[in-house]
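Accompanying notes for the structure given below.
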Amino acid sequence: MKFRAIFLAPVAAVALAMAMTAFANDREILTELYHATDGDNWAQRNGWLEAESLCDWHGVQCRVSSTGVEQVRALDLDWNRLNGSLPASLAELEALNRLNLRGNALAGQVPTELIQGLAANEDFGVGGVLVIDLGENRLSGAPPELVLPVSSRPLDLYLDSNQINGPLPVSWSMLPLRSLLLDRNPLGVAPPPEWSAMTDLKRLGLSTTQLTGPLPETLSTLTALEELDLSNNALSGELPDWLGQANLRRLNLEANQLEGSIAPAVEAMRQDGVVGLNLADNQFSGILPDRLFDLTFAPATGRAIFTGQDRLDLCWNNFDATEAGFEELIGQGHHGGSFIACQGEVQALSPEISGSWYLPERAGEGYSKMLLENGSLLVYWFTFPPQQAVAAGDQAWFFSVVDPRSAAATLTPMYATSGQFGQGIAGPRANPVDLRLTVHATAENDLHTAYSLAWPAAGSITGLVLNDHHSRSDRLTSLTRLAGSRCDNQVDQQWISGAWFNPEQVGEGLIVEVNEDGRGVVYWFTHVPESSGNFQAWMTGDAVFDGQTLFVDNLLMPTGTRFGTDFDGSEIDVMQWGSLTLQFDNDLSGHAWFDSELPEYGSGDFSLSRLARAQLADCSGE
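So the sequence shown is numbered by my numbering: it starts at 488 and just counts up by one.
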């Protein structure tokens, strides 16, 4: 026994030395990442390069090895203002099983050595899956060839919302991919035939990738596929019979040019559990298949865990909707709750949709929608929280910006914030909310808006306790219209319309609408004072411009009611919040002064910077 102990002692010492070396290497690797991605200007960098333990560095999660040494297990630096190119040395983080760098400004090509190196490392992950999320960055060029060892662990690879273009590599057919998101990249090509070998792939996203022609037949042999998103492309023709052999939980074919019967899509959906089927904005027609009535979609209301994608959406097609039981079906599980409300012709989105919109019977909440000069659609939804058993604040607001298609926009997710007045958000970023909002401009010159919303669980945004699900479909009425949205409604101050914010207080800001009657409408999206928690707050008011100055002497703060079916306009208490003065020095900057009648808000001032500019009508030819 003594001999065995003497023999094992040096072995243990060597193992400990190797572990300590690995830990030291992890520190060096993260230090290199910090310097390579402009770490001094990250949104959050608490502990970086300073704290003795890597586990105390912002976004770093650790594991304890068998020798008691900490190693980097996960790196979550999403939406943290990383800028630059990723160093290949990240692949040497031997225990890393999740790399989440979504929503930054990382540039260059998809990092081949990084992906290959991490995938070849020993499996320390829960469930044996390596997650690499580089979505919503600035990666460009053709996707690289990737060759991994046969023994590589399963891989979830998220490259959506970059500038990656085709062709798609044949070598990817041999990767152990479980999830692959390539949405919102200008690929312009369908998956190659060799990708039919991806028999372990469960989730594939190819939305907004410039696909044309029929559904790619390569997909017909992906037998493990559970989620498929081909929305917002130019796919055409009838749905192929092979689609009906799939076993999907979610299928999204929204905004294509598909026609004929939807029977293959309905047959593709599994009958066990809740499913999501989105066939909106196509040219489908005919009678609905009977099997549609056997599928289960997320209910319009309730408190259970579903997502905004777990619904049926058949809007803007040419179905025969006269069958008995049809309206009951769509009322329970259809996006927006109503099928009848989303029929008819639609027209192209234009600057004329910019302004405030509301539902007259729900006065007190509404939307500020603005088509921006870069073609994006910015939407702010000012409303109230749901009725819950615990305090959830008195107001709520969501926002999102997307590149719309010609006649519609789908905003999902939308975002919410938490923080304190005068301090900005509590954390480096806003929180995505499981909210799917669709906007169509109808032939009657109004806007149709449908939403499916799951309020978040406790602690994630505003202290809510349970997921609370709502769905509604409305044709909104215009409340205001931007000056300059047509050539016959110009005013001198129309250049001011847009989004403004204080660079020192990210996560809150102002929407200014300069209207065709010369008045300025202001929405101030912010939070309650520190003493009241981390809840959202919003105020609104309007006044006539005096040159480039807008003095709103009666800023209002509506409270008192709740969201969804609990909304009661008669309960709204409109408080006199105080005054707000906005001085716009030029097209990019200005200053704000406020004086609240509510003592907890006080008075003060802050600088203004332009965040987004409204698109105005092109009248150069007149």
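Beta carbons are placed, not taken as given, at the ideal position from N, Cα and C, and that holds for glycine. Only a predicted model underlies this, so the values are computations on that prediction, with no experimental measurement involved.
Out of 717, 757 and 728, which has the shortest C-alpha to C-alpha gap to residue 768? Position 281 of the sequence shown, counted from the first residue, corresponds to residue 768. Comparing Cα-Cα distances from residue 768 to each of 717, 757 and 728, the minimum goes to 717.
Using a Cβ-Cβ cut-off of 7 Å (strictly less than) and excluding sequence neighbours within five positions of residue 859, which residues of its own chain qualify? Position 372 of the sequence shown, counted from the first residue, corresponds to residue 859. Only 865, 1099, 1100, 1101 and 1102 meet the Cβ criterion.
Per DSSP, what kind of secondary structure is residue 521 in: helix, strand or coil? Position 34 of the sequence shown, counting from 1, holds the residue named residue 521. Three-state DSSP puts residue 521 in a helix.
Could you tell me which whole alpha helix (DSSP H) segments of length 4 or greater appear in the region 580-621? 599-607
If we ignore side chains and look at the alpha-carbon of each, how far apart do residue 948 and residue 537 end up? Translated into positions along the sequence shown, residue 948 becomes position 461. Translated into positions along the sequence shown, residue 537 becomes position 50. Confidence at residue 948 is low in this model, with a pLDDT of 39, below 50, so the placement of that residue should be treated as unreliable; the coordinate-derived value is given next. Spanning the two alpha carbons is a distance of roughly 30 Å.
Please classify residue 976: does DSSP put it in a helix, a strand, or coil? As a working mapping, residue 976 is identified with position 489 in the sequence shown. It is coil, neither helix nor strand.
Please say whether residue 1045 and residue 1062 have beta carbons closer to each other than 9 Å? For the purposes of this step, residue 1062 is taken as residue 575 along the sequence shown, with counting starting at 1. For the purposes of this step, residue 1045 is taken as residue 558 along the sequence shown, with counting starting at 1. For residue 1062 and residue 1045, yes; Cβs fall inside 9 Å.
With DSSP as the reference, please indicate the residues paired to residue 821 in a beta bridge. In the sequence shown, the residue the question calls residue 821 occupies position 334. Partner(s): 799.
Following the continuous alpha helix (DSSP H) through residue 654, name the residue where it begins and the one where it ends. Start at 1 with the first residue of the sequence shown, and residue 654 comes out as number 167. Here residue 654 belongs to no alpha helix (DSSP H), and DSSP marks it neither H nor E.
Taking the beta carbon of residue 780 as the centre, do at least 16 other beta carbons fall within 10 Å, making it buried, or is it exposed? To locate residue 780, count along the sequence shown from 1; it is residue 293. Classification for residue 780: exposed.
Rounded to whole angstroms, what's the CA-CA distance from residue 1074 to residue 616? Just pull it up for me. Residue mapping note: residue 1074 aligns to position 587 of the sequence shown, counting from 1. Residue mapping note: residue 616 aligns to position 129 of the sequence shown, counting from 1. Whole-angstrom Cα-Cα distance: 49 Å.
Could you check which residue in 985, 533, 995 and 640 has the C-alpha nearest to that of residue 1001? To locate residue 1001, count along the sequence shown from 1; it is residue 514. Nearest option by C-alpha distance: 985.
Just the C-alpha distance for residue 881 and residue 630, rounded to the nearest angstrom, thanks. Counting from one through the sequence shown, the residue named residue 881 turns up at place 394. Counting from one through the sequence shown, the residue named residue 630 turns up at place 143. Cα-Cα distance, rounded: 47 Å.
Residues bridged to residue 700 by DSSP? The residue you call residue 700 lines up with position 213 of the sequence shown. Paired residues: 722.
On a Cα-Cα basis, can you pick out the residue from 912, 970 and 519 that is closest to residue 988? Along the sequence shown, one-based indexing puts residue 988 at 501. Out of 912, 970 and 519, 912 has the C-alpha closest to the C-alpha of residue 988.
For residue 1106, which of helix, strand or coil comes out of DSSP? Here the question's residue 1106 lines up with position 619 in the sequence shown. It is coil, neither helix nor strand.
Beta-carbon proximity list for residue 687, same chain, < 8 Å, skipping 5 on both sides: Here the question's residue 687 lines up with position 200 in the sequence shown. Excluding positions up to five away in sequence, the list reads 641, 663, 664, 665 and 711.
Do you know how far the Cα of residue 646 is from the Cα of residue 667? As a position in the sequence shown, residue 667 is number 180, starting the count at 1. As a position in the sequence shown, residue 646 is number 159, starting the count at 1. Going from the Cα of residue 667 to the Cα of residue 646 covers about 8 Å.
Spatial neighbours of residue 595 in its chain, beta-carbon cut-off 6 Å, leaving aside the 5 residues before and after: On the sequence shown, residue 595 is found 108 positions in, with the first residue counted as 1. Excluding positions up to five away in sequence, the list reads 572.
Beta-carbon spacing of residue 593, residue 633 below 9 Å: The sequence position of residue 593 within the sequence shown is 106, counting from 1. The sequence position of residue 633 within the sequence shown is 146, counting from 1. Contact: no.
Are the beta-carbon atoms of residue 650 and residue 675 separated by less than 9 Å? For this step, residue 650 is matched to residue 163 along the sequence shown. For this step, residue 675 is matched to residue 188 along the sequence shown. Contact: no.
Measuring alpha carbon to alpha carbon, tell me which residue in 845, 1105 and 854 is nearest residue 964. Here residue 964 corresponds to residue number 477 of the sequence shown, with the count starting at 1. For residue 964, the nearest C-alpha among the options comes from 845.
Would you call residue 883 buried or exposed, if buried means 16 or more other Cβ atoms sit within 10 Å of its Cβ? In the sequence shown, residue 883 corresponds to position 396, counting from 1. Classification of residue 883: buried, given that the 10 Å Cβ count is 16 or more.
Closer than 8 Å is the cut-off here; do at least three beta carbon pairs connect the region 889-898 with the region 1001-1010? no
For residue 747, which residues from the same chain have a beta carbon less than 6 Å from its beta carbon, with the 5 sequence-adjacent residues on both sides left out? Position 260 of the sequence shown, counting from 1, holds the residue named residue 747. Answer for residue 747: 725, listed in chain order.
Beta-carbon spacing of residue 765, residue 822 below 9 Å: Position 278 of the sequence shown, counted from the start, is the residue given in the question as residue 765. Position 335 of the sequence shown, counted from the start, is the residue given in the question as residue 822. Yes, these two residues count as a Cβ contact at 9 Å.
Residues that residue 922 bridges to, as DSSP identifies them: If you number the sequence shown from 1, residue 922 lands on position 435. Answer is 940.
With 16 other Cβ atoms within 10 Å as the buried cut-off, status of residue 1052: On the sequence shown, position 565 is the one that residue 1052 refers to. Counting Cβ neighbours within 10 Å, residue 1052 comes out exposed, since fewer than 16 surround it.
Alpha carbon to alpha carbon, how far is residue 918 from residue 940? The residue you call residue 918 lines up with position 431 of the sequence shown. The residue you call residue 940 lines up with position 453 of the sequence shown. So the alpha carbons of these two residues sit roughly 14 Å apart.
Neighbourhood of residue 1047 by C-beta distance below 6 Å, restricted to the same chain and skipping five residues each side: Position 560 of the sequence shown holds residue 1047. Excluding residues within five positions, the ones whose Cβ falls inside 6 Å are 1058, 1059 and 1060.
Can you tell me whether residue 800 is buried or exposed, with buried defined as 16 or more other CB within 10 angstroms of its CB? Within the sequence shown, residue 800 is the residue found at index 313, counting from 1. Under this definition residue 800 is a buried residue.
Does the structure place the region 558-573 close enough to the region 520-533 that three or more beta carbon pairs sit under 8 Å? yes
For residue 623, which option in 761, 637, 597 and 540 has the closest C-alpha, if you only look at C-alpha atoms? Indexing the sequence shown from 1 puts residue 623 at position 136. Closest by alpha carbon: 597.
Cβ-based burial, residue 560 [other Cβ within 10 Å; buried from 16]: Here the question's residue 560 lines up with position 73 in the sequence shown. Buried is the call here.
Leaving out five residues on either side along the sequence, give the residues of the same chain with a beta carbon under 7 Å from the beta carbon of residue 922. Numbered from its first residue, the sequence shown carries residue 922 at position 435. 795, 885, 899, 900, 901, 938 and 940, listed in sequence order.
Run through the DSSP bridge pairs and tell me what residue 856 is partnered with. Taking the first residue of the sequence shown as position 1, residue 856 is located at position 369. Beta-bridge pairing links residue 856 to 842 and 866.
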